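Notes follow once the structure below has been shown.
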Amino acid sequence: MLRWLCFLVLASLLAAENWPSYRGAQGSGVSLKAAPVNWNADASAGPLKNVLWRTPIPGLGHASPIAWGNRLFVATAVRTKGEAPLRVGLYGDGGSADDNAEQSWKVYCLDRETGRVVWERTAKTGLPRAARHTKATHANTTLATDGRHLLAFFGSEGLFAYDLTGKLLWQKDLGVLDMTPADDRTLSWGFASSPVVAGDKVIVQCDVKAGSFLAAYALADGKLLWKTDRSAVSLGSWGTPGVFGDLVVCNGFPFVAGYESSTGHERWRIPAGGDVPVPVPFSANGLIYVAQAHGKASPLIAIRPNGEVAWREERNAAYLSTPVAYQGQIYSVT
21 MLRWLCFLVL
31 ASLLAAENWP
41 SYRGAQGSGV
51 SLKAAPVNWN
61 ADASAGPLKN
71 VLWRTPIPGL
81 GHASPIAWGN
91 RLFVATAVRT
101 KGEAPLRVGL
111 YGDGGSADDN
121 AEQSWKVYCL
131 DRETGRVVWE
141 RTAKTGLPRA
151 ARHTKATHAN
161 TTLATDGRHL
171 LAFFGSEGLF
181 AYDLTGKLLW
191 QKDLGVLDMT
201 PADDRTLSWG
211 FASSPVVAGD
221 KVIVQCDVKA
231 GSFLAAYALA
241 DGKLLWKTDR
251 SAVSLGSWGT
261 PGVFGDLVVC
271 NGFPFVAGYE
281 SSTGHERWRI
291 PAGGDVPVPV
301 PFSANGLIYV
311 AQAHGKASPL
321 IAIRPNGEVA
331 WREERNAAYL
341 STPVAYQGQI
351 YSVT
């Protein structure tokens, strides 16, 4: 299966900002560059509109592209034989996909102006160590970079660090990371928490079926700097951690928690409510916001950096998408 990486026509391509990780800088999801309000990237639906280029990327991947300078980076998982199944749409089946065949986990680097593939690297080839949801892929996590290091986290398949020319710097096996919902521990939905660069370290959140943890590794050599157990804090989460100075905030169930990024020490925890936590913590106006849904509650919580709850709305928060704060307003899809 091929998917297309499309680049929309922006106001000024050469002056385009860096987009170093999932949802951009600080996970805000906000870009200050102008973008078209309408476009068409599907040639079967009519003439292309406001699309600078399209480049086919093999395999399946929910990973978002990231940008640094004149380069784009994206991850994918390519099935060796046959076509990987992907069942989209509205349905209530929580089962796993029939996709346990051999895969190759790949990283692509493209030229930002032309879409030309500059290099590709295969991080690993083998059988998946954990199953995935029928709507998910084996490459759900987005890459992260600080402009020198490029981090690819494929969950159970490992954490990989490259330089921006594609040279492998180091890799780590973090074990089997089987993500499953709190209300049915027999299900396997696949890993989805993206890595986050914080200074000289990369932080990963691994809320899994057994042995949940938060960990930091040195960018330079992959050395484990600290590892904090989250078994009593979260029964499962697909959320990417938010980093705000020396504070790391993790979405989870039954608690949202804050940690020191330098040591991994837990500073505070707050009772949450949504039992399938996916949205990324984000910050605006001196507050940190966390949304979650599914189950008995769907709260949006506004938290001060010291862990004090400024306010919370118990219903109608985002389930899978992360809200956006912009010019004093919070925009959310429920």
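Numbering (our numbering), first residue to last: 21 to 354.
Backbone N, C-alpha and C fix where the C-beta goes; we use that ideal spot for every residue, glycine too.
Computed from a prediction, not measured in an experiment: that's the story for all the values here.
Please report the straight-line C-alpha distance between residue i and residue j, rounded to a whole angstrom.
i      : j      : result
LEU30  : GLU133 : Residue placement at LEU30 is poorly supported in this model, since its pLDDT is 48, which falls under 50; the coordinates are not used for a value here.
LEU207 : PRO67  : 42 Å
THR17  : PRO299 : Any property of residue 17 remains undetermined from this structure, which presents the chain solely from 21 to 354.
ARG250 : PHE275 : 10 Å
VAL268 : THR283 : 11 Å
ALA143 : CYS129 : 13 Å
GLY272 : GLY348 : 26 Å
TRP331 : ARG324 : 10 Å
PRO297 : SER84  : 19 Å
GLY256 : GLY294 : 11 Å
GLU103 : ILE290 : 43 Å
ASN90  : ARG205 : 44 Å
LEU147 : ASP131 : 31 Å
SER51  : TYR42  : 13 Å
ASP241 : SER176 : 20 Å
LEU33  : GLY49  : Caution is warranted here: a pLDDT of 43 is assigned to LEU33, below 50, making its placement in the model unreliable, and the coordinate value is therefore given only provisionally. Those two C-alpha atoms are separated by around 19 Å.
Should residue i be labelled buried (16 or more other beta-carbon atoms within 10 Å of its own) or exposed?
i      : result
SER64  : exposed
ASN160 : buried
LYS221 : buried
PRO215 : buried
ALA45  : exposed
TRP39  : buried
ALA164 : buried
GLY81  : buried
GLU286 : buried
VAL98  : buried
THR185 : exposed
PRO76  : exposed
THR162 : buried
ARG136 : exposed
Assuming residue i contacts residue j (C-beta within less than 8 Å), just tell me the rounded distance between them.
i      : j      : result
ALA218 : VAL263 : 5 Å
LEU197 : PHE211 : 5 Å
LYS126 : GLY79  : 7 Å
ALA311 : ALA345 : Actually they are not in contact, since the Cβ atoms of ALA311 and ALA345 sit about 11 Å apart, beyond 8 Å.
ALA121 : THR100 : 7 Å
LEU194 : CYS226 : 7 Å
SER303 : THR260 : In fact, because the Cβ distance is near 14 Å, the residues do not count as touching under 8 Å.
Closest by CA to residue i, which one among the options?
i      : options                        : result
ASP166 : PRO148, ILE321, ARG149, ILE223 : ILE223
ALA277 : TYR309, PHE180, SER116, ARG152 : TYR309
LYS316 : GLY115, ARG141, ASP266, ALA202 : ALA202
LYS247 : TRP258, SER254, SER281, ASN305 : SER281
ASP118 : THR157, TYR351, VAL228         : THR157
SER232 : ALA238, THR200, GLY242, LEU244 : THR200
ALA292 : ARG141, GLY306, ARG335         : ARG335
TRP209 : LYS229, TRP190, GLN191         : LYS229
GLY109 : HIS153, THR145, ALA87          : HIS153
Measuring only between beta-carbons, confirm whether residue i sits less than 8 Å from chain B.
i      : result
LEU194 : Absent here is chain B; the protein component of the structure consists of one chain.
Compute every distance between the C-beta of residue i and the non-hydrogen atoms of the ligand FMN, then say whether any falls below 7 Å.
i      : result
ARG205 : As far as ligands go, the structure on display features none, and thus does not contain the ligand FMN.
Whole runs of the beta strand (DSSP E) within the region 220 to 273, excluding any shorter than 3 residues: Qualifying beta strand (DSSP E) stretches, in chain order: 221 to 226, 233 to 238, 244 to 249, 262 to 264, 267 to 270.
Residue ranges of each alpha helix (DSSP H) within the region 98 to 168, 4 or longer: Counting whole runs of 4 or more residues, the region 98 to 168 contains no alpha helix (DSSP H) stretch at all.
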